[in-house]
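In what follows, a structure is listed as C-alpha cells, so that the remarks can point back to it.
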C-alpha cells in the first residue's frame, strides 16, 4: 500500500475511516513470498497491536499538543509569465513626494514591493537614496491609508463622488465662480499638461502651488539678476571651495542625494589622489552639512546677511570691483574663506538656504564676482523643485476668508497642519463651498473637506518627473492599488470629461515628446525601454550664462541681541509627510541622535547661563512647551526646533508626537522664512520631559575608535592619524592558527572621509532585514534594534565641535569574541568569513552581547510582532506585507545582528553557480552599500586581491576598529581626512 | 554528661544520650506550633511572589527587567554568583572542619550543608530564567541528539558553569545525604507514626549502627569531603571565568578566580 501522510488528528481519523469502511480501492488478493498470510490480509498480530498502540498514543499526543496553526496558501491558477515565486522583480520608478526627488528601483516579491533601491542609470541620483526614500515603501502598507473615497466623513462610491463633483464644478464654471487647485510642487510635465487641460475645461480654475518649506527667494533673486524665475542646478563636484550659509545641501536642501553624490565625488582620496574640496559652513544649528564642514562657524540667523556682505566686500575689494557696501560691525573673520574663494575663481560655490531675496541677491553677486555662473552654477538646467509661491498662497487664504473662493481642490498639501497661520486657513476653508482633498490618509486638511478622493500611493501610480531640466524619469506602479483608491491624475481626467486612463494619457504624451525629440524607430519599443530604464535624458542647449543685471545690494541691518529661532526639517521625517512612518520616527537623528521627538536645541553656553539642562521643559513664546536638548555647535542665542511633529491626524504611530512649530514660521516680506524670528523662552520649573537619545547606548569606553587627519598631513604621510594600526599589525601575535579561507572571504570597507552620516544605510538595512521598531520607551531603555548605527563623536571646541560620523555594524571578526562564548554554538564562523547566528539554536544567554566590543548585537527583549504594546507595522496584517520573505523575523529571546545581507550573498552565489562562472567583483551589493548617497561603503571578496574592497583595505588609511583586541575584523575603516590647514 | 575540665558541664539537666536524641526528635512528632505556621505563611507569600516574577519573566520576556543591549547581564547573574558564594561558605565550614577533625563542627555541619544544597539550587535557577528562551534551555546539556556535529561549545565558560555547578551540586548532595543516614535511622527507631517509620526506614538504607557501618560511614564522609573540598576552589574559579574570559573592560582580569573564591568564603 502506498504511504499516507497526515497532518492533523482530523485527517488521521479520516484516513482511518476510509480504511475501515473500505471506501478506497479494494485490495486484490495477492501473495508475496516471505510474508505470512495474516500480514497480507491485515489480520492483526501482537506486534501490530503494539505498533498501533505506540503509534496512536504518540499521534494523539502530537496532535493534541503541538499542532501548528494551519495557514492556507493558495497558488495561482495561471502563473503570470514574469512572476516566479521566490525571485524578485525590479521596476524602475521615481520617488517624488512634493519635496524630494529620487530615481528608484522597486523590488517586488510575489507582486508586493518590499524594498526601494536607487536607480543606477539616473544621472542625478546615481543609485543613491535618502532615508525617506528607503522608508517610503512602508507608507504603502500604512494602516492610516484610506481604503475608499470619502464624502462628508463617510465612505462613498467613486460614481457618486464623481457625479456630484462634476456637477458642482460645472455649475461653478457656468457661474464663473472661483475654484482653486492647490498642489505641492509638481515636477511631472504630463501632470502639468493635464492640469492646464483641466483648466481649459473649467476656465474658472486657477492653480496655486504651495510648499511648506519654500525656496522662492532663490527664484526671485534669479529673476531679478538674470530675468529667469528659476532655481539653478548647482555643481558641488566642480567646486573646490564651497561656502554654505544655512544650506543643508547634504541633508534636506533641494536635491540632497544628487548633492551628496557630487560633494563626495570631490572628496575621494584613494591611491594617488591628493585633492579634495573644502567646505566652509556658516550656520546657526548644527546641520548634517555643517557636521561635515572643514571649517564651521556658528552664527545667528540675523548675522547671515552681515557675513555674506563682508564676504562680498572682501572679494570685491580684492578684485578691484566696486561698489562695496558698509557692513555693521560683527565679530567674525571671513578673511580665510574669502581668500580661498578668490584663489579658486570659477571653481567655487557660495550657497545659502535662506528664503530672503536680499540674502540671495548677495549670494548671486558673490558668485557672479567669482565667475561661478556657467561653471559651478548651471542656469541652463533649472531645478524644477520648490516651485511654491507663498505670495499667491497668502492671497488665496485672504480670498478664502473674503468669501471669494467657492471651490478648493487640494493635492499633496496639508495647510491645515503646516500653513504658518493654520487658523486663518481653516477659517477660510469653512467659507469654501466645495472642498476636495486628494489625500492618501485622513490628514488634518482632509478631515475638513467634503470629499476625499483618496489618492493611490506613488508605488501604485503612473507619472513622470523632471526634477532638473533634461533629466526625465518615469513613475510606474509596482502593484495594483491595494484599496479602492485612484490617483489624482485619473480623477482630474475623469472630471475633465475624458474616458482615458492616466496611464494611456501618459503614454500618448511621452510618444509626442519622443517624436518631438526626433526619436526614430518604433516608438512603442522606445517607450518600453524608457519604462525599463526609468529614465530619459534630453540634451539641452548649452548657452552662455545670461548677462548679470546688478540690482545693487541693500546694506544689511545690524545683528540683533535677542534670542532667535531656527526651524529645520529633520533628516528623518522631513517636514511632516512621514510623521506616521515608524522607521523614520525611530531613526536616530545624525546629529542629536534623538528619536521620536522634537525638542528645542540650545547652545551649551546659553544653557549654562540660563540654568537649563537636558530634558528641562521650556515654554516658547509663552505657548509651546518643548524639552531642551543642549546641542554643541548651536549658535549662542539661538533656539532650533524641528518641523514635522505635533500632528493630530497622522496615524497611530505619529499622532501627538512632539509639537507643531509651523506657527512659528517667520513671515517676512510675504516670504516664509525658517529662521530669524525673535522668540522668548522661559523655563517651566520642576518639569522635565524624557528624550530618547542613542549616542551613549553603545559606548566603546574611550578606546581609539575615531581616527582622523588633515589633508596636509595626509599628503605628507598617508598613514597619518593611523599610526596605531601599524603598531597593532607589528605587535599582534597569537597562539592559534590563522583562519584560512579557500575561495571567498567577505569583507567591507567604510570610507569615513566620504561618509556624511545621513543614516540612509540605517533605514536601508532596516527595510532589507526586517528590523523591528520598538518605540520610544524601549529606545530610552537602550534596546534599539538597528543592525547599523551611525555613531557620532565630537572633538575640539565644546561650543563648536568637529563632528565625526561613523557607521558601525558587525565587524565579522575572524577571531570573534562572541563566537567562543556561546554555550550552545549558535554563533559560528562560516567558511566565507561570516560571523553567523543560528536563530533557532540561540537560547538567549546574551553572553555574546556582553562580549562584543563593538556592541552591535541586539537582543529581542520582547515579542515585537503581533504585540499590542508595540503597535507599529508588525502589529497589523497590512504592515507585515513590507517584510522581506528572505529574512526571518526574529523570535523573542534570541540575539540578532548584521549578517552582511547573507540572503543577497546566497542569491548571487547561486546565480553565478547556475551560470557556471566565478562570482564577479561588486556583483553582490549589500543593502547599506547599495543606496549610500556618497558611495562610502565597499564590499566584496578579500581573497580576490584585485577587488575594490581588497584594494581599499590595502590603503594606508585603512584601520581595524579596536584592532588591538586581536579580534581580526573583516571590516576596515578608512581614516577621515579633513581639508584643514592644521 | 560532657563534663569537661576547662569549661565545666556542657549539657545541663543531667541528660543521657537517649534523652538528647528524644529531645531533638520530639518536634517531629509534636503538633506543628503556631509560630512555625506563621513563618511558613510568610515564606509561602515570598515564594508566590517569586513564582509570579518568574512567570512574568518567562511569559513576557526578559524585557521586563532593566537590562539593555550593552549591559545584557544583570541581577540574575549577580544572584547566581551570590548564591554560589553562599553555598561555598557552607561547604567550607563543614568539609574543612571535617578534614582538620574539629569535633565542634557537628553542631553546625548539617545546617551548613543544607545551606549549600539549597543555595546551589537557588543559584541554578537564576541562569535558567535569565535565558531568553528557557524552553530551549536543554540545548546546553550534553545529550545525544540528531543534530549531527551541532553540540554544545566547549570553549564557552557558560558550559563549564553547567558542568561545574552540576558536579558541585551532586557532590554536596551526596555528602549531605550520607551524613544524614544515621540520623534517619534514629528517627526510624523513635518515631511513633507507622508511615514515618516506613519513609525513614527507606531513607536510612537499613542502617543498624554497628561498628562496621560506622567505620565505613567515617571513611565515606572523609573521602567525599576530600573530593568536595577542591570543588570549593574550582567551582567559583569557573564562575569567575564567565567574566574574566570575556573582553569586557573591567572583567577581563586575572585576579578574578582567586578574588571570587576568597570572596565566597569570607
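Chains as they are written, first to last, in my numbering: chain S, 3 to 984; chain A, 1488 to 1753.
Cβ atoms here follow ideal geometry from the backbone N, Cα and C, with glycine treated the same way.
Cross-strand partners of residue i (DSSP beta bridge)
i, result
"residue 711 of chain S", "S:979"
"residue 93 of chain S", "S:108"
"residue 974 of chain S", "S:751"
"residue 2 of chain S", "Absent from the structure is residue 2 of chain S, since the part of chain S shown begins at 3 and ends at 984."
"residue 156 of chain S", "S:153"
"residue 354 of chain S", "S:247"
"residue 302 of chain S", "Its beta-bridge partners do not exist; DSSP assigns none."
"residue 283 of chain S", "S:246, S:298"
"residue 622 of chain S", "S:626, S:683"
"residue 808 of chain S", "S:793"
Below-9 Å beta-carbon distance, residue i vs any chain S residue
i, result
"residue 1455 of chain A", "Here chain A comprises residues numbered 1488 to 1753, so residue 1455 of chain A is not present and cannot be evaluated."
"residue 1656 of chain A", "no"
"residue 1726 of chain A", "no"
"residue 1549 of chain A", "yes"
"residue 1747 of chain A", "no"
"residue 1542 of chain A", "no"
"residue 1610 of chain A", "no"
"residue 1626 of chain A", "yes"
"residue 1597 of chain A", "no"
"residue 1556 of chain A", "yes"
"residue 1621 of chain A", "yes"
"residue 1630 of chain A", "no"
"residue 1644 of chain A", "yes"
Inter-residue CB distance, residue i and residue j (contact presumed, cutoff 8 Å)
i, j, result
"residue 525 of chain S", "residue 679 of chain S", "Not a contact, Cβ separation roughly 54 Å."
"residue 583 of chain S", "residue 141 of chain S", "6 Å"
"residue 340 of chain S", "residue 316 of chain S", "4 Å"
"residue 751 of chain S", "residue 954 of chain S", "4 Å"
"residue 123 of chain S", "residue 537 of chain S", "5 Å"
"residue 296 of chain S", "residue 980 of chain S", "5 Å"
Short CB-CB distance (under 9 Å) between residue i and chain A
i, result
"residue 825 of chain S", "yes"
"residue 851 of chain S", "yes"
"residue 768 of chain S", "no"
"residue 757 of chain S", "no"
"residue 794 of chain S", "no"
"residue 32 of chain S", "The predicted model places residue 32 of chain S with a pLDDT of 41, which falls under 50 and marks its position as unreliable; any figure quoted below should be read in that light. Answer no: the Cβ-Cβ gap between residue 32 of chain S and chain A never drops below 9 Å."
"residue 783 of chain S", "yes"
"residue 139 of chain S", "no"
"residue 844 of chain S", "yes"
"residue 986 of chain S", "This structure cannot settle anything about residue 986 of chain S, because the visible part of chain S is limited to 3 through 984."
"residue 863 of chain S", "yes"
Any C-beta of chain B under 9 Å from that of residue i
i, result
"residue 513 of chain S", "In the structure shown, chain B cannot be found, because the protein chains are S and A."
Completely contained beta strand (DSSP E) runs for the region 734-804 of chain S, where each covers 3 or more residues: Secondary structure remark: continuous beta strand (DSSP E) runs of at least 3 residues inside the region 734-804 of chain S, in chain order: 748-753, 791-797.
Pairs of beta-carbons, one from the region 1603-1620 of chain A and one from the region 1573-1588 of chain A, closer than 8 Å: are there three or more? Short answer: they touch.
Examine the Cβ distances between the region 1687-1705 of chain A and the region 1725-1732 of chain A and report whether three or more of them are shorter than 8 Å. Contact between the region 1687-1705 of chain A and the region 1725-1732 of chain A is absent, because fewer than three Cβ pairs lie under 8 Å.
Any contact of the region 234-244 of chain S with the region 273-289 of chain S, i.e. 3+ C-beta pairs under 8 Å? Flag = yes, the region 234-244 of chain S and the region 273-289 of chain S touch.
Mind listing, in chain order, the continuous alpha helix (DSSP H) runs of no fewer than 4 residues lying wholly within the region 840-864 of chain S? Fully enclosed alpha helix (DSSP H) runs of 4 or longer: 849-853.
Say whether the region 734-753 of chain S touches the region 848-864 of chain S, bearing in mind that this needs 3 or more beta-carbon pairs closer than 8 Å, one atom from each stretch. They do not touch, by the three-pair rule.
Ranges of the alpha helix (DSSP H) found wholly within the region 358-423 of chain S, counting only runs of at least 4: List check, alpha helix (DSSP H) in window: 359-371, 392-403, 417-420.
For the region 527-594 of chain S, which segments carrying the beta strand (DSSP E) assignment without a break, of at least 3 residues, lie completely within its bounds, in sequence order? Listed in chain order, they are 537-539, 566-570.
Any 3 or more C-beta pairs closer than 8 Å across the region 159-169 of chain S and the region 132-148 of chain S: The region 159-169 of chain S is not in contact with the region 132-148 of chain S.
Can you confirm whether the region 601-608 of chain S touches the region 670-679 of chain S when touching is taken to mean that 3 or more C-beta pairs between the two stretches lie within less than 8 Å? They do not touch, by the three-pair rule.
Inter-stretch contact (C-beta, 8 Å, three-pair minimum) for the region 764-781 of chain S and the region 927-935 of chain S: Taking a cut-off of 8 Å for Cβ pairs, the region 764-781 of chain S and the region 927-935 of chain S touch, as three or more such pairs fall below it.
At 3 residues or longer, what runs of the beta strand (DSSP E) sit wholly inside the region 626-697 of chain S? Listed in chain order, the complete beta strand (DSSP E) runs (minimum 3 residues) inside the region 626-697 of chain S are 626-632, 640-644, 668-670, 673-675, 677-680, 683-690.
Segments of 4+ residues assigned as alpha helix (DSSP H) that fall wholly inside the region 195-279 of chain S: If one requires a minimum length of 4 residues, the alpha helix (DSSP H) runs lying completely within the region 195-279 of chain S are 218-228, 258-267, in chain order.
Tell me, please, whether the region 567-580 of chain S touches the region 213-222 of chain S by the rule of three or more beta-carbon pairs shorter than 8 Å. Touching, yes, given that three or more Cβ pairs across the two stretches are closer than 8 Å.
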